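Number of protein chains: 4
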Amino acid sequence: MKIAQQNIQEFNQKHIIKHKNRFDFISSELSDRSIDVDAIVQTLSDFQVAVPSWALGAGGTRFGRFSFGGEPSTLEEKIDDVGLIHALTHTAGAISLHIPWDIPSDAAAIRERAADRGLVFDAVNSNTFQDQSDQEYSYKYGSLCHVDAKVRRQAIDHNIQVVEYGEALGSKSLTVWLADGTSFPGQHNFRKAHQHTQSSLKEIYNAMPDDWKLYIEYKPYEPNFYSMVIPDWGTSLAFAQECGPRAHTLVDLGHHLPNTNIEQIVAILMTKGRLGGFHFNDSKYGDDDLTVGSIKPYQLFLIFNELVYGMENNVADNPPLAWMIDASHNLKDPLEDLMQSLDAILVAYAQALLIDRVALEQAQEASNVAACQDILQQAYRTDVRAIVAESRLRAGAAIDPVAAYRSMRLRDQLIDTRGLHVTATGL
Amino acid sequence: MKIAQQNIQEFNQKHIIKHKNRFDFISSELSDRSIDVDAIVQTLSDFQVAVPSWALGAGGTRFGRFSFGGEPSTLEEKIDDVGLIHALTHTAGAISLHIPWDIPSDAAAIRERAADRGLVFDAVNSNTFQDQSDQEYSYKYGSLCHVDAKVRRQAIDHNIQVVEYGEALGSKSLTVWLADGTSFPGQHNFRKAHQHTQSSLKEIYNAMPDDWKLYIEYKPYEPNFYSMVIPDWGTSLAFAQECGPRAHTLVDLGHHLPNTNIEQIVAILMTKGRLGGFHFNDSKYGDDDLTVGSIKPYQLFLIFNELVYGMENNVADNPPLAWMIDASHNLKDPLEDLMQSLDAILVAYAQALLIDRVALEQAQEASNVAACQDILQQAYRTDVRAIVAESRLRAGAAIDPVAAYRSMRLRDQLIDTRGLHVTATGL
Amino acid sequence: MKIAQQNIQEFNQKHIIKHKNRFDFISSELSDRSIDVDAIVQTLSDFQVAVPSWALGAGGTRFGRFSFGGEPSTLEEKIDDVGLIHALTHTAGAISLHIPWDIPSDAAAIRERAADRGLVFDAVNSNTFQDQSDQEYSYKYGSLCHVDAKVRRQAIDHNIQVVEYGEALGSKSLTVWLADGTSFPGQHNFRKAHQHTQSSLKEIYNAMPDDWKLYIEYKPYEPNFYSMVIPDWGTSLAFAQECGPRAHTLVDLGHHLPNTNIEQIVAILMTKGRLGGFHFNDSKYGDDDLTVGSIKPYQLFLIFNELVYGMENNVADNPPLAWMIDASHNLKDPLEDLMQSLDAILVAYAQALLIDRVALEQAQEASNVAACQDILQQAYRTDVRAIVAESRLRAGAAIDPVAAYRSMRLRDQLIDTRGLHVTATGL
Amino acid sequence: MKIAQQNIQEFNQKHIIKHKNRFDFISSELSDRSIDVDAIVQTLSDFQVAVPSWALGAGGTRFGRFSFGGEPSTLEEKIDDVGLIHALTHTAGAISLHIPWDIPSDAAAIRERAADRGLVFDAVNSNTFQDQSDQEYSYKYGSLCHVDAKVRRQAIDHNIQVVEYGEALGSKSLTVWLADGTSFPGQHNFRKAHQHTQSSLKEIYNAMPDDWKLYIEYKPYEPNFYSMVIPDWGTSLAFAQECGPRAHTLVDLGHHLPNTNIEQIVAILMTKGRLGGFHFNDSKYGDDDLTVGSIKPYQLFLIFNELVYGMENNVADNPPLAWMIDASHNLKDPLEDLMQSLDAILVAYAQALLIDRVALEQAQEASNVAACQDILQQAYRTDVRAIVAESRLRAGAAIDPVAAYRSMRLRDQLIDTRGLHVTATGL
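Quick mapping for you: the protein sequence lines, in order, are chains A, B, C and D. For what it's worth, our numbering labels the leading residue of the first sequence as 846, then goes sequentially. For what it's worth, our numbering labels the leading residue of the second sequence as 846, then goes sequentially. For what it's worth, our numbering labels the leading residue of the third sequence as 846, then goes sequentially. For what it's worth, our numbering labels the leading residue of the fourth sequence as 846, then goes sequentially.
This is the structure we're talking about:
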């Protein structure tokens, strides 16, 4: 299923006058402050976030799952769904595959289908936190960290195979998220588990093609509830440094202990040249995997503040960042949820681009704390929605993607085509 | 499958000399302090904790589940498993049923099977957090709190039906745990959701037989990640007070925000005469559902300190407490895990029984803070394992239940009988 | 020191054109959505927040305190400082006294000085968390909860005396914040401490004049680090209900465990008719006492969402709420800090007034979760600063209070008058 | 004031029979398990923990301080107090000085006074979190991280001077705890602050004598409440690695976000050869600075588990660890509090020494999770108090130091000598 460009234009036509009025106002406001609005619009238009292949269906919790009609059941249908989102937003130009949930058996066909929708393949993701039916050894007690070398071997080989799948699709990076850890004191010898993990990661790193990057994700708990082998950015960074220059830390916003200052972590990783990528979501308690910007939009803005500054002052040579949404869509239409996330990302990015960095630096140098706060909040309180909408409009996408999606009754069409009760692979 | 009493005695025979030596030492130590050791042993022998019907198989997380061989697949087999535990520990003399996972189609037969193993039926548990295939309305957006009266009706009726199942088995109480809540700001009108929940609970309460009690559980988050309709003890207490005198708050150790002082909550609920029951488990991060006593044994002791004091000074007329283990057995043999939990409960209970309450009261009245701490730690640091073992020995159970279970190779027998790959209902 | 009205007008004159342009734009936007902008402006103009007498000087932490020049050293000077803020903002029309830090020896003169600056006296605050030099018994081990009736008597009498001071100034309410608690397990008999606190509060309540209200604050920890006698809203509510109809719970934003859903607490307290007042501040870790809106502005908006709805649907007859800022000004000029807080409060209030409540109710009734979120965010993302500025302008205050304060060089004048190194009483 | 050795012996004489009975029982128990009890006793006797010079008086919070009678007001008196503790425990054989609170003007005399009490000087501590009256630049906005090079210079020079004071006393290490950070978003350029801190630390490191070590402490918040320049072990480790081989991370138990797995951090730092020292205390909420072992004794045991293993398998060449108590004595007699802490440390250490490491390794290699837990709990549940008492007895200290202290009425003597109302420097 694809959206005809004409439908988007018809939708935009109905909202164009109001939009232009708003955009003109904010443009004039910002121009008065010598801000190049067109450049910002262009930056936003260019910004692309990957959608993972597991995010198109309804998610669940350990207490159950409530299905959503019209879910995609094949990789092809998942690509179609990302295509819908991309057509409406022009922000979702990449897919991130999860192996073995979405094995591309015919890589050329898959690649073509994606390309036809303007999509490329971003980082591929391995999975050693579940057992597959054809698997020789279980990951119940770990994978890359396992006490048994044969299990580690199997997990390493799986990662290498994931890289091969990715190569065939044009991916250039591998994301490793390890569920490895323990739920009880004494279960692990921490130091041995650390060293096993280190050598397994190094082996994977060494097996990657020379133009590939390795992203090492961290998480303090869940699904293990006493310790994780990569609990924090410090461990991830140490592993990355040990692997080599193309290994980087990946930050998932939900993977932190309560009250962690994530934006500072982002800044320090950029200082070290080791920030590799981002998994966007939002949360109140733990790894809640909620819609981006739905709980802590100011934190998101502060993170983008660091990212904008970091990309403009990239002295430590961080790679271009891999952006991905990693949320679970338990209650909303997954496509609406993803579009709300993409919108929230652009809003935060736009706000961060408005920060008066010269004034901020001056206030910081003068320890004028009240002014520092004010300068950030001036940007944050600005209503940037018209700028974001303009960035979509210029790219041929919808001024208001969710409203367009609803007005086109796309979910109904998906249900008609696919039925009410299907479940995406991996969910 | 049942354990022959003789096997237990043979096991005990091998350990009796060492045990007696230890028990004599601690008895003499405590007698010197005018502590009635026999009374403590008897109290521990009498103490019974319910095992829920869903706890006999391997649990999982939203990321997956690793099965364990020989899991029970029917209610009958679950009763057998609790029977094994009870034979070995003499502490697990009750089962807590979860409806609809374990519907007793032939109540008389089920009751007899349980009685044959020395088991009675404790509180029954309703489930409105999952949809069943034959269900008219979905609980995706709530049950007792739902905006739609028809959904609330269905959920109320389900609870009433659960009471009926319970009646047939001799249960005398209903535990309501509500997953109802929201994952996004704005999703609920908090006040309406509160009032719907209140009136639904009241209707269930009023439909219960006169000798039944209602236990209202609270939980701050999961599976909803922004709000829960019963997030804390304050809300549960308000609901219970509104329902009537036989409604009580149920405390699950894992259902609290970080750093909550649970023992104080226990004390205040007992002051109000509204503490109804306990779900035992342990956790480091959230509702981790780990083995009791595996992470915070001192907190468990402090809770038992309040319980012992509360039961001895029950001026507000709290009902006899409903004790249950509510853990998830993801990594260990569920039966071993449950026996470790039962043991940890008895250890904490025994330690709390050793507290010198006269000295403690004097130190408290004198604000002698160092002495207050010392008095608690004197009890906590005492090695009470021989007392706990003696309480089992006198009841005909095993001195060391896990060791006995292993020496009898009971898991192997279960696997032989049931196979390696079965899954318990509800898991 | 007072600000000449003319100075404010001169300041406004310089910014009026830009402001009017912005206000016209947002007015037209909102009028299109049938929102009565004038009514909102009036509501904001009428909104008054009390400034506590201890907030005018530099605060500190247990690690030290860095003074700020020109701090007020007498109650008179503190009134002057609140007068400055009120002249610039017209939002700070009340003072909240802390006894014994600010004893009004000549009540009539103090009252007149305040009236001259347009200020009234809000809730008075007692202090039983420190010992005064002339005090017979120490509060080291508690006050209203103390094991010794003589200490409780002294603390009750102090509270009654504070009411008398308040009466003389025209206050109509007493706020009790208790530091009482313990730092070590065993230190308290929780139940006795609870009951002592209850009866002490009741005695204070009964001693108040008939038109007075009692606000009972809660806090989970600090300065005691194991338990507090009023740790949460549930305990505060129970105490208030026991005292009588004019006893209410007071919510301080910083007094919660990590991740607490404060807005839900606000809603439930209003359902019960027991929300009495608010202490505004912001925090990332604990009771950090930072500038309002500096860390979690979206949470502040969500709280105002409940407050607006609650005030418009006050079926349970909550009293008019007592609003106060309770922050600590360690790094910024306290007056600038307070004006930033007042501004953030008005911004959040204005945003909450923009919520389309009809649409929200419809979306809630339809369980349209994505729409619920959208409706809130539509309001939140609106740039309401021109509306807030207009509300000040119409009231004769400054369009931008902090900028006006800086342009008038008021801090320099305060330093000239009072010197660089003074310390406010109580700091 | 000093304790006559004879007084201690008289005290011990009264308790020796009971003690010997207990020790014989536990010795025989452990010998049965082939544990060398004498070796454990010797290890405990040899273990020495430093007492910081600021810990001898009553501490406080930002809400106030309640003094304790007989507090030391000079460095000499502080040394005397540590001497008392050491005489009673023989575990407190070192003092850790805090400059400028305790400047040793006559180093030789101070050294002699300490030596006379069996004390040496451990790590010295600098202070750049408070301003001293004679100081040119303020640390209000930071010290080693400050935007202004002149402030950084002053702070670096202070640290170098502290090293000089330490040299004169025989210290061989400097502990740097930085309060530097921010309370508001935008206040710092995180990356610049990081780099300033790095270069300042390096300069201090380079100025130290060749046989000195630098300990870099981390803390996530307080006294700054948005960010700290060294918030976590990852940052501390990065700084230490950048400085050189004699720079190490120092772990303070209270300096972690909620739920942090501290024992894993200890293990990873030892893997890296970068664990330098420990600040012991306990806490429930934040940096509560409570008596060691009073809140989470099992966590303390798990940490000692890692330390024992780490010291026995020191492949990465960690230095001998610097042990110090860092607590605040707000409610208890500081000397009793310190002795309770020392006792809790020895108890945890003794328990950790009992762990059956061969069995644990086997259980870990077999992923026998239940057994891993059991092996740890076997050690933890053992009543080791008689072993700890024996270790004191053999060293000439008191079997029960707190009881001995009370029976000798030492606090009364201190009050007689020093008066009721003195305050220690720095408090």
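All C-beta atoms in this analysis are idealised placements derived from N, C-alpha and C, irrespective of residue type, glycine included. Given the structure is predicted, the values throughout are model-derived calculations rather than measurements.
So the beta strand (DSSP E) Met-846 of chain B belongs to, where does it begin and stop? Secondary structure note for Met-846 of chain B: it is in no beta strand (DSSP E), with a DSSP letter that is neither H nor E.
Counting only beta-carbon atoms, is Pro-1103 of chain B nearer than 8 angstroms to chain A? With 8 angstroms as the cut-off, Pro-1103 of chain B counts as an interface residue toward chain A.
Between the C-alpha atoms of Arg-962 of chain C and Glu-1012 of chain C, what's the straight-line distance to the nearest angstrom? Looking at the two C-alpha atoms, the distance is approximately 20 angstroms.
Hey, quick one: how far does the alpha helix (DSSP H) through Gly-1264 of chain C stretch, first residue to last? Careful: Gly-1264 of chain C lies outside any alpha helix (DSSP H) and carries neither H nor E.
Residues of chain A with CB under 7 angstroms from Leu-1082 of chain D, in chain order? Within 7 angstroms Cβ-Cβ: Gly-1079.
Scan the segment 1165-1184 of chain D for residues whose Cβ lies nearer than 8 angstroms to a Cβ of chain B and list them as they occur along the chain. Identification of residues in the segment 1165-1184 of chain D having a C-beta nearer than 8 angstroms to some C-beta of chain B yields Leu-1176, Lys-1177, Asp-1178, Glu-1181, Asp-1182, given in sequence order.
By the criterion of Cβ-Cβ separation under 7 angstroms, what are the contact partners of Leu-1023 of chain B in chain G? In the displayed structure, chain G is absent; the protein chains listed are A, B, C and D.
Quick check on Gln-850 of chain B: buried or exposed, where buried means 16 or more other Cβ atoms within 10 Å of its Cβ? In this structure Gln-850 of chain B is exposed. Its beta-carbon is surrounded by fewer than 16 other beta-carbon atoms within 10 angstroms.
Can a CB atom of chain B be found closer than 8 angstroms to the CB of Asp-1257 of chain A? So, not an interface residue.
Considering just the uninterrupted stretch of the beta strand (DSSP E) at Trp-1288 of chain C, what are its terminal residues? Residue numbering for chain C in the displayed model covers 846 to 1272; residue 1288 of chain C lies beyond these limits and cannot be assessed.
Tell me which residues of the segment 1013-1042 of chain B have at least one Cβ-Cβ distance to chain A shorter than 9 angstroms, keeping chain order. Closer than 9 angstroms at the C-beta level to chain A, one finds these residues of the segment 1013-1042 of chain B: Ala-1024, Thr-1027, Ser-1028, Phe-1029, Pro-1030, Gln-1032.
Excluding the 5 residues flanking Ala-1197 of chain D on each side, which residues of the same chain have their C-beta closer than 8 angstroms to its C-beta? Once the five neighbours on either side are set aside, the close Cβ partners of Ala-1197 of chain D are Phe-1146, Phe-1149, Asn-1150, Leu-1152, Val-1153, Ala-1224.
Using CA coordinates, which residue listed in B:Leu-1187, B:Val-1214, B:Ala-1161 is at the minimum distance from Gln-1040 of chain C? Cα-wise, what sits closest to Gln-1040 of chain C is B:Ala-1161.
Using a 10 Å radius around the Cβ and a threshold of 16 neighbouring Cβ atoms, would you call Ser-879 of chain B buried or exposed? By the beta-carbon neighbour count (other beta carbons within 10 angstroms, threshold 16), Ser-879 of chain B is exposed.
I want to see whether chain B comes within less than 8 angstroms of Asn-1159 of chain C, judged by CB atoms only; does it? With 8 angstroms as the cut-off, Asn-1159 of chain C does not count as an interface residue toward chain B.
Pull up the DSSP beta-bridge partners for His-1124 of chain A, would you. As DSSP reads the structure, His-1124 of chain A sits in a beta bridge with A:Asp-1097, A:Met-1169.
Between the segment 976-993 of chain A and chain D, which residues of the former have CB atoms less than 7 angstroms from a CB of the latter, in chain order? Within the segment 976-993 of chain A, the residues whose Cβ lies closer than 7 angstroms to any Cβ of chain D are, in chain order, Tyr-986, Val-992.
Would a check of beta-carbon distances place Phe-856 of chain A closer than 8 angstroms to chain C? Output row for Phe-856 of chain A: interface = no.
Considering only C-alpha positions, which residue in the set A:Cys-1088, A:Thr-1105, A:Pro-1030, A:Ala-1092 is nearest to Asp-1077 of chain A? Per the Cα distances, A:Thr-1105.
Would Phe-1125 of chain B and Asp-1171 of chain B be called neighbours here (beta carbons separated by less than 8 angstroms)? Closer than 8 angstroms, so yes.
Round the Cβ separation of Ala-1193 of chain C and Ile-885 of chain C to the nearest angstrom and send it over; I've been treating them as touching at under 8 angstroms. At roughly 13 angstroms, the Cβ-Cβ gap does not stay under 8 angstroms, so Ala-1193 of chain C and Ile-885 of chain C are not in contact.
Thinking C-alpha only, which one of C:Leu-920, C:Ala-1092, C:Gly-902, C:Gly-1031 is nearest Ser-950 of chain C? Comparing Cα-Cα distances from Ser-950 of chain C to each of C:Leu-920, C:Ala-1092, C:Gly-902, C:Gly-1031, the minimum goes to C:Leu-920.
Residues sharing a beta bridge with Thr-906 of chain C, DSSP: Secondary-structure assignment with DSSP links Thr-906 of chain C through a beta bridge to C:Gly-909.
Can you grab the Cα-Cα spacing for the pair Ala-1215 of chain C / Gly-1138 of chain A, in whole Å? Rounded to whole angstroms, Ala-1215 of chain C and Gly-1138 of chain A show a C-alpha spacing of 13 angstroms.
Contact under 8 angstroms by Cβ, Val-996 of chain A with Trp-1168 of chain A: The Cβ atoms of Val-996 of chain A and Trp-1168 of chain A lie no closer than 8 angstroms to each other.
Tell whether a beta-carbon distance below 8 angstroms holds between Glu-922 of chain D and Arg-1263 of chain D. If you check the CB distance, Glu-922 of chain D and Arg-1263 of chain D come in under 8 angstroms.
When you compare the CB of Val-1247 of chain C with every CB in chain A, is at least one pair closer than 8 angstroms? Yes - at least one Cβ of chain A is within 8 angstroms of the one on Val-1247 of chain C.
What residues in its chain sit with their C-beta under 6 angstroms from that of Ile-1279 of chain B, if we drop five residues either side in the sequence? In the structure as shown, chain B begins at 846 and stops at 1272. Residue 1279 of chain B is therefore absent and cannot be evaluated.
Give a yes or no on whether 8 angstroms exceeds the smallest Cβ distance from Tyr-1060 of chain A to chain B. Residue contact with chain B for Tyr-1060 of chain A: absent (no Cβ-Cβ distance below 8 angstroms to any residue of chain B).
Helix, strand or coil at Ser-1018 of chain C [DSSP, three-state]: Three-state DSSP puts Ser-1018 of chain C in a strand.
Determine the chain C residues that contact Arg-1226 of chain A at a beta-carbon separation under 9 angstroms, and present them in chain order. Scanning chain C for C-beta atoms nearer than 9 angstroms to the C-beta of Arg-1226 of chain A yields Pro-1142, Val-1192, Asp-1228, Val-1229, Arg-1230, reported in chain order.
Assuming the contact rule is C-beta atoms closer than 8 angstroms, Thr-1136 of chain B and Phe-1070 of chain A should be a hit. Round their C-beta distance to whole Å, please. The C-beta distance from Thr-1136 of chain B to Phe-1070 of chain A rounds to 11 angstroms, too long to fall under 8 angstroms, and the pair is not in contact.
Is Met-1253 of chain B helix, strand or coil by DSSP? Note: Met-1253 of chain B maps to coil in three-state DSSP.
Quick one: is Ser-898 of chain A near chain B, going by C-beta distance under 8 angstroms? So, not an interface residue.
To which residues of the same chain is Ser-1072 of chain D closer than 6 angstroms at the C-beta, ignoring the five residues directly before and after it? Correct list, in chain order: Gly-1026, Thr-1027.
Identify whether Tyr-1194 of chain B lies in helix, strand or coil by the three-state DSSP scheme. The answer is helix: DSSP assigns Tyr-1194 of chain B an H, G or I state.
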